[in-house]
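In this note's numbering, the protein residues as written are 6 to 427. We treat Cβ as the ideally placed atom computed from N, Cα and C, and that holds for glycine. As the structure is a prediction and not an experimental result, all values here were calculated from the model. In what follows, a single structure is set out as structure tokens and then discussed.
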Amino acid sequence: MLPALASAVTGRGPRGVHPINDRYIAVADSSIDAILIVDGNQGGAVVGHLVLHDSSADDDTDEWLNPVSLASCVECKHIFINSNSMLYAIALDKPLIAMAESHDFSSLAKSSVRPYWPENWSSKYKGDGNLRMISVAYDGSSAYVAHAKGGIFSFDPLNPSESNRRAKHVVHIGDADIGEDINGLHHTRSLRNLVITRNKYVHILKLLDDDGKNPLDYGAPEAYKLALNYHCNSLYDGEEMTFMDTVIINEYAFVMGHPKHSSKSAHNGVALYRLTWYEDDEVWSDCVQIAGSGLEEAGWVDGSGREARFSSTPHEIAVLPSAEMHMIVVGDVDNRALRYVDVSIPVETHDQTEKVRVSTVPYDEDLYQVLYQKEEPWTNLDVEQVMEQDGKSYFHSGIEGLYSMNFDTAQDECSRVGIGRV
């Protein structure tokens, strides 16, 4: 285990996470107003970055973009990112997956950021502080952004022009019984559904009907409504709960949330819960807590799901695209780290939820100083150089990548660099 207390509650850190492949993750970090490319195979080395504001605003955080979510797709030559008030399109010279395959994200730093608000979207929702999360289908076939009070808006991720007629207000509040307080938004892997998380509900919105058409394209939204508070609050003797995000893996929904109030802490950390789909009855039920406490003080502890602790401010979860395992990535905001939650065993065995494992991919070493300190030695360094100097350069191939250490030295070094356990 790695015991520690979460940082002071600021709500700033890795708010948005977008797995590019099973190795690289794009992170929207609001504490430094940047997109970071984190290498999960290299102890959290940052191998690419883009600062989202002009350098003239380095000392004026009121001018920062303050990202809360990001997404892209396999063929997309844009990253889409949003603050609570605006959607942005970041033009790339090639898709993120192409950068990942070449292990070269150097061109990201030269990308341009522009506000993106399609003409078909009402201006009354623009700048009102209620944008929440973006989801883009991995094949680029659809893209959506959630507005907490307005519903769901669509856009074309392969042709993000303001005049593109595919951009529409596709779900209004009240449609398909979808109410306000929308927080999370994710395509399912099959691309047949869009998972919408509200404070107390999940709505599984149909994107493909029996004729192979998207009901949203012809104004007929249809969704299954799952009452999360009803199913999960029995874990806390009926205490009212709130939920932030949901992902679906096979027949399981993994939901992040916690009780709204705890007698143990004013800042209780989040937990992850699993619900199961029963095909014969066509219902979701059986809420099981699989990681985190939900009641205890926000913290930073790795280990088994039962032992694990998170901060109180995670915003988004995502599924690592891997054929070898079932891994959920949590942007653990106030801990300034990515947390990997391995749910492979309970997904494959349909039980053994006690065998969930939580680990940390830390990436935040000295990033703020490197980007914004105006004195030496920081002015002579960039983000990627600091990662190498912090020991994250261990990960290269060939004989020069082999090191000999005794157990105690290796354990200390793994802890320092943050690359796992001995």
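- Task: Evaluate Q357 with the Cβ neighbour count: other Cβ atoms within 10 Å of its Cβ, from every protein chain shown; 16 or more gives buried, anything less gives exposed.
- Result: exposed
- Grab the span of the alpha helix (DSSP H) containing V352 for me, first residue to last. 349-354
- Query: Which residues bound the beta strand (DSSP E) around H266?
  - Reply: It is not in any beta strand (DSSP E) - H266 carries neither H nor E in the DSSP assignment.
- Is the beta carbon of L240 sitting closer than 9 Å to the one on Y206? no
- When the Cα atoms are used, what is the spatial distance from P8 to A50? Note that P8 has pLDDT 40, beneath the 50 cutoff, so the model's placement of it is unreliable and no number is given.
- According to DSSP, is T358 helix, strand or coil? helix
- Boundaries (first-last residue) of the alpha helix (DSSP H) holding I102: 101-107
- Would DSSP call L240 helix, strand or coil? helix
- Tell whether a beta-carbon distance below 9 Å holds between I102 and L57. no
- Query: How would you write the range of the beta strand (DSSP E) that Y29 sits in, first residue to last?
  - Reply: 29-34
- Message: From the DSSP secondary-structure annotation, give me the bridge partner or partners of I86.
- Response: L75, Y93
- Query: Going along the chain, which residues of its own chain have a beta-carbon closer than 6 Å to the beta-carbon of A105, five neighbours each way excluded?
  - Reply: I25, N26, Y29
- Message: For a minimum of 3 consecutive residues, which ranges assigned as the beta strand (DSSP E) are wholly contained in the region 285-343?
- Response: 288-297, 322-324, 332-337
- Contacting residues, own chain, Cβ-Cβ under 7 Å from E256 (five flanking each side not counted): T281, W282
- So, G53 versus S111, is the Cβ gap smaller than 9 Å? yes
- Item | Beta-carbon proximity check, G299 vs V361, cutoff 9 Å | no
- Message: Our contact map puts V275 next to V200 with C-beta atoms below 8 Å; I'd like the distance itself, whole angstroms only.
- Response: Going by Cβ atoms, the distance from V275 to V200 rounds to 18 Å, so no, they are not a contact pair.
- Query: Whose CA, out of G308, V346, P326, D34, lies closest to the CA of V73?
  - Reply: D34
- Message: Assuming contact is defined by CB atoms lying nearer than 9 Å, are I183 and G156 in contact in what I supplied?
- Response: yes
- Message: Beta-carbon within less than 6 Å of I404's beta-carbon, same chain only, minus the 5 sequence neighbours each way: which residues are those?
- Response: With a pLDDT of 42 at I404, under the threshold of 50, the predicted position of this residue should be treated as unreliable, though the coordinate-derived value follows. Contacts found: none.
- Task: Please name the residue or residues paired with G21 in a DSSP beta bridge.
- Result: A33
- Could you check which residue in L212, C237, Y235 has the C-alpha nearest to that of G224? L212
- Message: Using the Cβ count rule (16 or more neighbours within 10 Å means buried), how would you classify P382?
- Response: exposed
- Query: Per DSSP, what kind of secondary structure is N135 in: helix, strand or coil?
  - Reply: coil
- Leaving aside the five residues before and after I178 along the sequence, list all residues of the same chain whose C-beta is less than 8 Å from its C-beta, in chain order. K154, G155, G156, G184, E185
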